[in-house]
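One structure is given here, and the rest of the page talks about it.
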Amino acid sequence: MEVDSFPVLDAQRQAHPELGELLDKIQKYVAGKLYHQLTQAILEMLTKPPFLTATELKDIFDNFIKSFEAKFDKVRWVQILSIVAKPQTPAMALELIAPFEESVSSNRDAKYLWLTLKGEKLTLAGKMDEAKDVLDSLGTEIENAYEVQALIQSHFHKTNALLWKTLSRPQEFYKSSILYLAYTPYSDIPTEDRPRIAFEVVVAAIVAEEEFNFGELTQQEIVASLEGSQYVWIKDLLQAFSEGKFDLFDAALAKNKSQMDATPELKAAEAVLRQKMCALSLMELAFRKPKKQRRLTFDEIAQHCRVGAKEVEFLVMKSMCADLIRGQIDEVEQLVMVTWVKPRILDPVRIDLMRERMDAWSSQTGLLLEHLESVTPELLVS
């Protein structure tokens with residue numbers, strides 16, 4: 026079989042001799058019109074060492090890859106576009122992907138992926154309003170669509186997280202990041218990026234004023250990547266917020282003050298952190314009380330949550346407004362009757378507490394049964 030020669034591939038062969046075998050395969054796949062295998066080989070060349078420069082990628086794309094657009098799967102085609110566009114300047118990337126908007130629009134998932142790519146480059150270009158319009162519209166489409174590939178969901182939520190991070194919106198950034206992690210196999214996240222991503226997500230959860238559910242975050246596999254990294258100290262704060270314990274919070278602050286001061290998001294949110302800790306501490310206090318004994322005195326709340334006596338009512342009302350607890354406040358008796366605590370993911374400590382309560386309930390039920398058995402003959406006689 027005669028194998029066509031491509032000058033751009035010959036140039037790569039000279040620049041990167043280690044690519045010789047892969048380039049031979051690519052040329053054979055072209056000659057044999059084996060476009061599925063060709064797609065895989067091109068993706069391998071673009072994503073594995075030696076990593077090509079922005080100029081090399083653009084040259085290969087313009088002088089070789091582009092000619093096969095009509096032969097490739099549309100989703101794979103947009104993946105190739107994304108790889109080639111990644112090291113380019115945002116303006117260059119937008120110019121590179123623009124001509125293919127119409128050609129990918131016939132495939133739903135390819136269109137979603139292309140719009141995600143456009144939203145990413147608009148964000149990096151500082152065109153926030155345009156990026157937000159694209160991603161908001163796309164998000165609605167994806168939400169209403171049926172069986173969207175996990176690959177598409179992963180890229181969309183990653184790009185959405187980038188937008189919210191750039192706009193300094195920690196609540197939205199955290200939610201998008203959690204969805205990105207949910208749709209992305211852990212093995213697909215580059216090893217060198219995992220500690221940084223974990224750190225950014227944890228910081229966002231801590232500083233987001235409306236975020237109080239840390240159980241889901243602590244169970245994320247990526248959090249383990251913090252161990253042995255420069256970001257490992259953030260786990261002390263995460264543990265404090267997850268358990269709702271002021272002692273852990275104070276210890277984390279004292280131990281990691283220099284790192285916190287060097288993290289702008291945490292430094293700017295010192296007041297927010299303490300307010301959230303107070304609310305989480307109140308939740309934990311109520312949770313640990315047996316359900317029928319959740320009558321909390323103002324003094325008890327003030328001492329446990331580290332607030333002044335005059336601040337207790339405001340803390341309780343704010344926690345109720347955030348739907349962290351439900352109940353009633355008795356200002357005359359200085360009592361709070363808690364009827365409900367927002368459900369949280371149970372860690373081993375809380376599971377042990379629940380087990381103790383179940384054992385106590387079982388014992389009480391047994392005593393009641395014995396009492397009923399003892400009085401049953403008398404009831405029958407009477």
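Residue numbers for the sequence shown follow the working numbering, so the first one is 26 and each next one is one higher. For every residue, glycine included, the Cβ atom is placed at its ideal position computed from N, Cα and C.
Cut-off 6 angstroms between Cβ atoms - residues of its own chain near Ala36, not counting five sequence neighbours on either side: In the sequence shown, residue 36 corresponds to position 11, counting from 1. Residues of the same chain with their beta carbon placed closer than 6 angstroms to that of Ala36 are lacking, with the five preceding and five following residues left out of the count.
Report the three-state DSSP secondary structure of Thr322 (helix, strand or coil). In the sequence shown, residue 322 corresponds to position 297, counting from 1. Reduced to three states, the DSSP call for Thr322 is strand.
What is the DSSP secondary structure of Gln264, counted as helix, strand or coil? Looking up residue 264 in the sequence shown gives position 239. Helix at Gln264.
Taking Ala170 as the reference, give the member of Glu236, Asp134, Asp84, Ala56 with the closest Cα. Translated into positions along the sequence shown, residue 170 becomes position 145. Proximity to Ala170 across Glu236, Asp134, Asp84, Ala56 peaks at Asp134, based on C-alpha coordinates.
Secondary structure at Arg331, three-state DSSP: helix, strand or coil? The count along the sequence shown starts at 1 and reaches residue 331 at position 306. Coil at Arg331, not helix or strand.
Quick check: the stretch 289 to 296 against the stretch 327 to 335, are at least 3 beta-carbon pairs closer than 8 angstroms? no
Around the Cβ of Glu27, are there at least 16 other Cβ atoms within 10 angstroms (buried) or fewer (exposed)? Numbered from 1 along the sequence shown, position 2 holds the residue referred to as residue 27. Because Glu27 carries a pLDDT of 49, less than 50, the predicted location of this residue cannot be relied on, and the following value inherits that uncertainty. Looking at its Cβ environment, which holds fewer than 16 other Cβ atoms inside 10 Å, Glu27 is exposed.
Reduced DSSP category for Trp258 - H, G, I as helix; E, B as strand; rest coil: Taking the sequence shown and counting its residues from 1, one reaches residue 258 at position 233. Coil, per DSSP.
Thinking C-beta only, is Ala304 closer than 9 angstroms to Ala347? The count along the sequence shown starts at 1 and reaches residue 347 at position 322. The count along the sequence shown starts at 1 and reaches residue 304 at position 279. Going by C-beta atoms, Ala347 is nearer than 9 angstroms to Ala304.
Whole angstroms is fine: what's the gap from Gln359's alpha carbon to Phe237's? Counted from its first residue, the sequence shown places residue 359 at position 334. Counted from its first residue, the sequence shown places residue 237 at position 212. So the two alpha carbons sit approximately 26 angstroms from each other.
Identity of the residue in Glu225, Phe76, Ile370 nearest Thr243 by Cα: Here residue 243 is taken as the residue at index 218 of the sequence shown, counted from 1. Residue Ile370 is the option with its Cα nearest to Thr243.
Helix, strand or coil: how does DSSP classify Thr114 here? Working through the sequence shown from its first residue, we reach residue 114 at position 89. Three-state result, Thr114: coil.
Opening and closing residue of the alpha helix (DSSP H) in which Thr216 lies: Numbered from 1 along the sequence shown, position 191 holds the residue referred to as residue 216. First-last for Thr216: undefined, no H or E at that position.
Quick one: measure Cβ to Cβ for Thr148 and Ala156, integer angstroms, because I've assumed they're closer than 8 angstroms. As a first step, residue 148 must be located in the sequence shown, where it is residue number 123. As a first step, residue 156 must be located in the sequence shown, where it is residue number 131. The Cβ separation is near 4 angstroms, so the contact holds.
Same chain only: Cβ atoms within 8 angstroms of Thr191, ignoring 5 sequence neighbours per side: Numbered from 1 along the sequence shown, position 166 holds the residue referred to as residue 191. Correct list, in chain order: Thr148, Met153.
In the DSSP assignment, find the alpha helix (DSSP H) that holds Val341 and state where it starts and stops. Numbered from its first residue, the sequence shown carries residue 341 at position 316. Val341 -> alpha helix (DSSP H) spans 337 to 346.
By Cβ distance, which residues of its chain are closer than 6 angstroms to Phe198, with the 5 residues on each side in sequence left out? As a working mapping, residue 198 is identified with position 173 in the sequence shown. The answer, listed in chain order, is Ala186, Trp189, Lys190, Ala229.
Based on the DSSP output, what are the partners of Gln353 in its beta bridges? Working through the sequence shown from its first residue, we reach residue 353 at position 328. Met362.
Just mark Leu340 as buried or exposed, buried being the case when its beta carbon has 16 or more other beta carbons within 10 Å. Taking the first residue of the sequence shown as 1, we reach residue 340 at position 315. By the neighbour-count definition (other C-beta atoms within 10 Å, threshold 16), Leu340 is a buried residue.
Quick one: what's got a C-beta closer than 8 angstroms to Glu94's C-beta in the same chain, skipping five residues either side? Sequence index remark: in the sequence shown, residue 94 carries index 69 (1-based). Excluding the 5 residues flanking it on each side, Glu94 has same chain C-beta neighbours closer than 8 angstroms at Trp102, Phe125, Ser128, in chain order.
Segment contact flag, the stretch 266 to 283 with the stretch 313 to 323, C-beta cutoff 8 angstroms, min 3 pairs: no
Sufficient close CB pairs (3 or more, under 8 angstroms) joining the stretch 99 to 114 to the stretch 67 to 87: yes
Is the separation between the beta-carbon of Gln255 and that of Pro220 shorter than 9 angstroms? Position 230 of the sequence shown holds residue 255. Position 195 of the sequence shown holds residue 220. Yes.
Alpha carbon of Leu321 to alpha carbon of Thr72, nearest angstrom: Working through the sequence shown from its first residue, we reach residue 321 at position 296. Working through the sequence shown from its first residue, we reach residue 72 at position 47. C-alpha separation (whole angstroms): 59 angstroms.
By Cβ distance, which residues of its chain are closer than 8 angstroms to Ser306, with the 5 residues on each side in sequence left out? Mapped onto the sequence shown, residue 306 falls at position 281. Short of 8 angstroms from the beta carbon of Ser306, and not among the five residues preceding or following it, lie these beta carbons of its own chain, in chain order: Gly269, Lys270, Phe271, His329, Cys330, Arg331.
Let me know the secondary structure DSSP gives Lys73 once reduced to three states. The residue labelled residue 73 in the question sits at position 48 within the sequence shown. Three-state result, Lys73: coil.
Under 9 angstroms between the Cβ atoms of Asn132 and Lys99? Looking up residue 132 in the sequence shown gives position 107. Looking up residue 99 in the sequence shown gives position 74. The answer is yes: Cβ separation under 9 angstroms.
In its own chain, which residues sit with a C-beta less than 7 angstroms from the C-beta of Ala311, not counting the 5 before and 5 after it? Residue mapping note: residue 311 aligns to position 286 of the sequence shown, counting from 1. The residues are Arg319, Leu321, Ile350, Val363, Val366.
Mind checking whether Phe239 and Phe266 have CB atoms under 9 angstroms apart? Along the sequence shown, one-based indexing puts residue 239 at 214. Along the sequence shown, one-based indexing puts residue 266 at 241. Yes. Within cutoff.
With a threshold of 6 angstroms on Cβ separation, who are the neighbours of Thr141 within its own chain once the five nearest residues in sequence on each side are excluded? Against the sequence shown, residue 141 aligns to sequence position 116. These residues qualify, in order along the chain: His180, Phe181, Thr184.
Cβ-Cβ separation, Ile90 to Ile105 (assumed contact under 8 angstroms), whole Å: Translated into positions along the sequence shown, residue 105 becomes position 80. Translated into positions along the sequence shown, residue 90 becomes position 65. Yes, Ile105 and Ile90 are in contact; Cβ-Cβ is about 6 angstroms, under 8 angstroms.
Beta-carbon proximity check, Val173 vs Ser202, cutoff 9 angstroms: Position 148 of the sequence shown holds residue 173. Position 177 of the sequence shown holds residue 202. Contact flag unset, no.
Report the rounded CA-to-CA distance for Glu168 versus Ala150, giving the unit in angstroms. Here residue 168 corresponds to residue number 143 of the sequence shown, with the count starting at 1. Here residue 150 corresponds to residue number 125 of the sequence shown, with the count starting at 1. For Glu168 and Ala150, the distance between alpha carbons rounds to 26 angstroms.
Measure how close the beta-carbons of Leu68 and Ile51 come, nearest whole angstrom, since I'm counting them as under 8 angstroms. Here residue 68 corresponds to residue number 43 of the sequence shown, with the count starting at 1. Here residue 51 corresponds to residue number 26 of the sequence shown, with the count starting at 1. No, Leu68 and Ile51 are not in contact; Cβ-Cβ is about 11 angstroms, not under 8 angstroms.
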